[in-house]
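Undergrad:
In the numbering used here, the protein residues as written are 1064 to 1260.
1) Since residue 1244 and residue 1100 are thought to touch, with beta carbons under 8 Å apart, how far apart are those beta carbons, to the nearest angstrom?
2) From residue 1173 to residue 1162, what does the alpha carbon distance come to, in whole angstroms?
3) Return the CA-CA distance between residue 1199 and residue 1205, expressed in angstroms with no decimal places.
4) Could you tell me if residue 1105 is buried or exposed, where buried requires 16 or more neighbouring beta carbons within 10 angstroms of its beta carbon?
5) Looking at C-beta atoms only, is the number of pairs between the segment 1128-1136 and the segment 1219-1228 that lie closer than 8 Å three or more?
6) Assign residue 1140 to one of three DSSP states: helix, strand, or coil.
7) How would you call residue 1247, buried or exposed, if buried means at least 16 neighbouring beta carbons within 10 angstroms?
8) Terminal residues of the continuous alpha helix (DSSP H) containing residue 1166?
9) Using a Cβ-Cβ distance cut-off of 8 Å, determine whether residue 1210 contacts chain C.
10) Roughly how many whole angstroms lie between the Cα atoms of residue 1251 and residue 1085?
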């Protein structure tokens, strides 16, 4: 073989990706449209609203004592979700606004959704405390030791509730992103884990 001989390469088969060496023609590329975060949050809220529609809202005193999210992360010893919560905390206002819009057309739905999430957290917390009842640690120490597991459990409950609704138009990756944003919002609203004292 000399330097002037042509080498032919055959790359046949189905390739869902795009690879271009030298192109002498038109390349058509179809990209799946991705959902923007605001529409993801709206879809998740709508589906949670349906799931939590019949949820009872007890008359309780509201706790408006301020706290800083970093303090809550440290207080609860969050490790796995620490950076995720910090990253997605920028979507707090978006989640709150979307919940308020949904609440305007579905009376008391914001309170129902947040109460539903809080109840899911308290149920999971109760399971952890029941499982560890023979240990001598305090309840808050048990919560701290299982903080990421508790967030996982509530996240799965939210995902389950959303998946029980019609979410065919959302990819799994987009759904995970929307749920991560909403879990962060729920954490900052003190519906997941304990408020620093």
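The beta-carbon is built from N, C-alpha and C at its ideal position, and this holds for glycine as well.
Everything numeric in this text was worked out from a predicted model, so none of it was measured.
TA: Reading off the structure:
1) 6 Å
2) 6 Å
3) 9 Å
4) buried
5) no
6) coil
7) buried
8) 1155-1168
9) This model lacks chain C altogether; it includes just one protein chain.
10) 52 Å
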